[in-house]
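Q: In our numbering, each residue's number is its place in the sequence shown (first place is 1) plus 29. Backbone N, C-alpha and C define an ideal beta-carbon position, used for all residues, glycine too. A single structure is presented below for examination.
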Amino acid sequence: SPARHRGVRDSVAVGGVGARGGRRRSPRHVDSQAGGGWDGDEATHSASEASSSSLLERPAKVMARRGLASRRESERLMQHGLVRIDGAVHTDPGRKVRSDCAIDIMTAAAAAAADDDGTFTGDTRERQKLLLKPTVLLHKPAGVVSTQPDRRLKQVPAWTLLKERNFEHTSSFEQGQGSGSESDGELLFSRVVSEPWHMAVVGRLDKDSRGLLLMTQDGVLARNVIGTKDVWKKYLVRCKPRPTEAQIRRLNGSNLRLDGVRLLPMRVKPTLAPSADDGHFADDEDQGDWLEFRLREGKKHQIRRTCAKVGLQVLDLFRVQIGPFSLGGLAESRWRLLAREEVEAFLRPSKKRLQERE
């Protein structure tokens, strides 16, 4: 329909196909016939810039492309008056904006202040849910599943561990820095313990594996962890018999396949047996040898199956790190809230890359 394609027609640069299908003359062509007075290269560049800056798009599409929020989340944020575009509150998801506009999402503290002075009307709790998206690190023990549990097998899902008695009070939470202010930190904690089943697992661990499990309600964070091949995960793996140099070379090779699909190269090297002093490993775990695995994809049972391919049996698989997020000294079955600064530091490079592509 004409309305549907109007934005596309308006965005066509000089020298492109016109609205009626005819070929527009480029600035250089116009210049050659008009007898000078117009630099063709400079005019083409200026026209292209003007065309790009005047392109109109739905704001949710622009926000999703910049990694600010998903399209659905963006629309809900606008409907609650939490989005400013070029300095003005934008509440209509259907009203198009320039593709190069400045977009800001109101902070939780600013939204709370607006609630207090009567700027906002409506459901305060819903606004808090939109702005406060908890992310937690959980030390998953073996025997707990990170996928949807099979009740017939009496499987225990990871979210059942997100209880108040298992919460690790960190200095950032005590100081109210877990999300920007003390009240925000308490709200995040309350959301997790009251509805733990809403916390989505980002990077699963199988039932027999243990270690770091990342769980979140932040869709942008989840996509940046599992939707790219840029985030490395680190594992400590105990196996037998003692790995040979040839087996380690095969694990580091570029020709390993699972289910007919070639794997991205892994980084595997021998490592010393972890100390029992850190609380993650028992004193009697002196059987088998340890390897350090680093990989940036997560095929089903990838480490166990690739080890089996080269003749090694995995006895223990322990994940210690996902990107910049590490388990540290978090005890088994304990969990903590990620600080806002940790999440923003992780997302900042990806947001910058997205902005540079525009």
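As a quick exercise: from Ala89, Cys336, Val126, pick the residue whose alpha carbon is nearest that of Pro270.
A: With distances taken between Cα atoms, Pro270 lies closest to Cys336.
Q: Given this structure, state the Cα-to-Cα distance separating Trp261 from Leu159, to the nearest angstrom.
A: Approximately 29 Å, taken between the alpha carbons.
Q: Whose C-alpha, out of Gly327, Lys125, Val290, Arg296, is nearest the C-alpha of Val91?
A: Among Gly327, Lys125, Val290, Arg296, the Cα nearest to that of Val91 is on Lys125.
Q: For Ile132, which residues does DSSP report across the bridge?
A: In DSSP, Ile132 forms a bridge with Ile114.
Q: For Ser355, which residues does DSSP report across the bridge?
A: According to DSSP, Ser355 bridges with Gln350.
Q: Relative to the C-alpha of Lys183, which candidate in Glu193, Lys236, Val165 has its C-alpha closest?
A: Answer by Cα proximity: Lys236.
Q: Arg101: which of Gly248, Ala275, Pro170, Ser238 sits nearest, CA to CA?
A: Closest option to Arg101, Cα to Cα, is Gly248.
Q: Measuring CB to CB, does Gly340 end up less than 8 Å from Gln246?
A: Not closer than 8 Å, so no.
Q: Could you give the first and the last residue of the continuous beta strand (DSSP E) run that contains Ala229?
A: First-last of the beta strand (DSSP E) with Ala229: 229-231.
Q: Between Val165, Glu86, Leu85, which has its C-alpha nearest Ala368's C-alpha?
A: Ala368 has its Cα closest to that of Val165, out of Val165, Glu86, Leu85.
Q: Spatial neighbours of Asn195 within its chain, please: C-beta separation below 7 Å, excluding the five flanking residues on both sides.
A: Ser362, Arg363, Trp364, listed in sequence order.
Q: Between Gly240 and Arg348, is the Cβ-Cβ spacing less than 8 Å?
A: Against a cut-off of 8 Å, the Cβ pair of Arg348 and Gly240 comes out as a contact.
Q: Quick check: Ser128 and Leu97, are their CB atoms within less than 8 Å of each other?
A: Against a cut-off of 8 Å, the Cβ pair of Leu97 and Ser128 comes out as no contact.
Q: Beta-carbon within less than 6 Å of Val222's beta-carbon, same chain only, minus the 5 sequence neighbours each way: which residues are those?
A: Around Val222: Glu193.
Q: Between the beta-carbon of Pro299 and the beta-carbon of Leu320, is there less than 8 Å?
A: Yes, the Cβ-Cβ distance between Pro299 and Leu320 is below 8 Å.
Q: Going by Cα to Cα distance, which pick from Glu215, Pro163, Ser355 is closest to Cys244?
A: The question names Cys, yet the displayed sequence has Met at residue 244. If we check each option's Cα against that of Met244, Pro163 comes out closest.
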